Amino acid sequence: MKVALASDHGGIHIREEIKGLLEEMGLEYEDFGCDCEESVDYPDYALPVAEKVAKGEFDRGILICGTGIGMSISANKVKGIRCALVHDVFSAKATRQHNDSNMLAMGERVIGPGLAREIAKVWLTTDFEGGRHSRRIEKLTNYEEKHEK
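Given below as structure tokens:
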């Protein structure tokens, strides 16, 4: 599995934790920044990562900002992305099993580093169940296709 990773200034510390987790898990990843604590605009980091995941250059993407909200909204603007904003382990598992999420967003100001690592690990190791859930994902994909600009 190949993972794209990014944060804005509000998520740089948890991004470092997630990089350590990815290394421990032996997963290939690329860090797309940011590399500062000065204010930056989250779409400048979320959108390029989401585009790379949507194009298949990466299997999954993880985004972190202060709340995770801006990153998840940005990523979900990209066709083919199902970015889940998650702050608990149950939701991390459910969004993979039921929603086949291909991107994860978290908020550094909402959760701590230990929980962020647990969430990411569960999200990275949980498979999509398919079955009735596939029909629902297909409906989303069909909607995107019909409403493409």
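Residues 85 to 233 in my numbering are what the sequence shown lists, from first letter to last.
Glycine included, C-beta positions come from ideal geometry on N, C-alpha and C.
All values derive from a computational prediction rather than experimental measurement.
Helix, strand or coil at residue 185 according to DSSP, with G and I counted as helix | Residue state, collapsed to three classes: coil.
Got a sec, what are the start and stop residues for the alpha helix (DSSP H) residue 137 sits in?
-> From DSSP, the alpha helix (DSSP H) with residue 137 extends over 127-138.
Which whole-angstrom value describes the C-beta separation of residue 167 and residue 160, a residue pair presumed to lie in contact below a C-beta threshold of 8 Å?
-> A Cβ-Cβ separation of about 5 Å places residue 167 in contact with residue 160 under the 8 Å criterion.
Kindly indicate which three-state DSSP category residue 145 falls into: helix, strand or coil?
-> In the three-state reduction of the DSSP assignment, residue 145 falls in the strand class, which pools E and B.
Which same chain residues, not among the five before or five after residue 71, have their C-beta less than 6 Å away from its C-beta?
-> Since the first residue of the chain shown is 85 and the last is 233, residue 71 is not available in this structure.
Per DSSP, what kind of secondary structure is residue 213 in: helix, strand or coil?
-> Secondary structure of residue 213 (DSSP, three-state): coil.
Run through DSSP, which three-state label would residue 87 get?
-> Here residue 87 carries a strand assignment [DSSP, helix/strand/coil].
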